[in-house]
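Going by the working numbering, the letters in the sequence shown line up with residues 584 to 799, in that order.
For every residue, glycine included, the Cβ atom is placed at its ideal position computed from N, Cα and C.
None of these values were measured; they are calculated from a predicted model.
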Amino acid sequence: MPATIAFDLDGTLIHSVPQIAQSVNAGLADIGLGPLDEALVQGFVGRGLPKLVDQVLAHLGLPQDRFHDLHDRILAIYVTVPTPPSVIYPGARETLEALKAAGHPLALCTNKPHAATLTCLRDTGLAPFFDRVIGGDSLPTRKPDPAMLHAALNGATQALYVGDSETDAETAQAAKIPFLLYTEGYRKHPVDALPHTARFSHFADLPALVRASSVS
Numbered sequence: 584m585p586a587t588i589a590f591d592l593d594g595t596l597i598h599s600v601p602q603i604a605q606s607v608n609a610g611l612a613d614i615g616l617g618p619l620d621e622a623l624v625q626g627f628v629g630r631g632l633p634k635l636v637d638q639v640l641a642h643l644g645l646p647q648d649r650f651h652d653l654h655d656r657i658l659a660i661y662v663t664v665p666t667p668p669s670v671i672y673p674g675a676r677e678t679l680e681a682l683k684a685a686g687h688p689l690a691l692c693t694n695k696p697h698a699a700t701l702t703c704l705r706d707t708g709l710a711p712f713f714d715r716v717i718g719g720d721s722l723p724t725r726k727p728d729p730a731m732l733h734a735a736l737n738g739a740t741q742a743l744y745v746g747d748s749e750t751d752a753e754t755a756q757a758a759k760i761p762f763l764l765y766t767e768g769y770r771k772h773p774v775d776a777l778p779h780t781a782r783f784s785h786f787a788d789l790p791a792l793v794r795a796s797s798v799s
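The structure is reproduced here in structure tokens:
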């Protein structure tokens, strides 16, 4: 049986920072605050929306009692912001097609809120590739807790995880799942600082890495 492959989403399959920053800045505008730079918002991406909101509050010097209001404003916008297919990283769609054709069950394991994830998958046309989608609010815990990855893999005995960040590397390590690192995403540290089984910068190289990394 071909290995089940779980993918992260933001920074791995798509460049979603513009949509995330748009949602954050619209939420801030609702409460009379100015916009944040996209590069700054990118630094907040990876641990889920609650953590992102915590970092926004800290950056702006706002008290924690503003958390729920700002979180809910951003989330309400986030689930409606369109995600154009142009955000998909070069070669990612074709690689998903090739892996699916080779018989690999594909899953998604992302800290993005589940409703926003489904909207994104619908807008980009990526939804049909994934047999299982686990979002950041699907379980009580989020990555790097390994429960999300285990849920996405759904008991598969042969499995791989593909991601781009420190959070993804920690998650794979905690779950004891081989990790394939996409080097062109949102990581904050050098590639060699992240534990990984293999790395790739072009999606055309991923199928060969999957074959090499899968357990016989």
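Span of the alpha helix (DSSP H) around residue i
i, result
"R676", "675 to 684"
"I660", "650 to 661"
"A710", "Run containing A710: none; DSSP gives neither H nor E here."
"T750", "749 to 758"
"F734", "For the sequence presented, residue 734 should be read as Ala rather than Phe. Note, A734: alpha helix (DSSP H), 730 to 736."
"A795", "789 to 796"
"L645", "No alpha helix (DSSP H) contains L645, which DSSP labels as neither H nor E."
Rounded straight-line distance, which links the Cα of residue j to that of residue i
i, j, result
"L789", "P668", "20 Å"
"M731", "A586", "18 Å"
"D747", "D613", "32 Å"
"A781", "L764", "6 Å"
"H687", "I597", "20 Å"
"T702", "Q602", "12 Å"
"Q638", "H772", "18 Å"
"G644", "R656", "18 Å"
"T707", "V600", "15 Å"
"G615", "S797", "51 Å"
"P618", "L611", "7 Å"
"Q605", "H654", "14 Å"
"F783", "F762", "11 Å"
"L736", "A685", "17 Å"
"I574", "A681", "Nothing about residue 574 can be reported from this structure: the residues present for the chain run from 584 to 799 only."
Bounding residues of the beta strand (DSSP E) (the contiguous stretch that carries residue i)
i, result
"V745", "742 to 746"
"F762", "762 to 765"
"V575", "No information on residue 575 is available, as it lies outside the stretch 584 to 799 that the chain covers here."
"F627", "Note, F627: premise wrong, no beta strand (DSSP E); alpha helix (DSSP H) at 621 to 627."
"I671", "Neither: I671 is in no beta strand (DSSP E) and is coded neither H nor E."
"A586", "Taken as a continuous stretch (DSSP letters only), A586 belongs to no beta strand (DSSP E), as it is neither H nor E."
Residue burial classification, residue i (beta-carbon count within 10 angstroms, cutoff 16)
i, result
"S799", "Legend: pLDDT at S799 = 43, less than 50; position of this residue unreliable, value from coordinates given subsequently. S799 is exposed by the Cβ-count criterion."
"D620", "exposed"
"G594", "buried"
"G629", "buried"
"K804", "The requested residue 804 is not part of the displayed model; the chain covers only 584 to 799."
"V607", "buried"
"D648", "exposed"
"T740", "exposed"
Residue i CB to nearest heavy atom of the ligand SAM below 7 Å
i, result
"T595", "Here there are no bound small molecules, and the ligand SAM is not part of this structure."
Assigned secondary structure, residue i (DSSP; H/G/I helix, E/B strand, else coil)
i, result
"L689", "strand"
"I614", "coil"
"R705", "helix"
"T595", "coil"
"T780", "coil"
"A739", "coil"
"N608", "helix"
"S799", "Interpretation of S799 is limited by its pLDDT of 43, a score under 50 that renders its predicted location unreliable; no figure is taken from the coordinates."
"K726", "coil"
Member of the options whose CA lies at the smallest distance from the CA of residue i
i, options, result
"L691", "R676, V716, E680, T663", "V716"
"A752", "H651, K683, T766, T740", "T766"
"F713", "V607, M584, K683", "K683"
"P696", "A795, Q756, L658", "L658"
"A791", "I671, Y769, L679, P673", "L679"
"T724", "K634, G626, L592", "K634"
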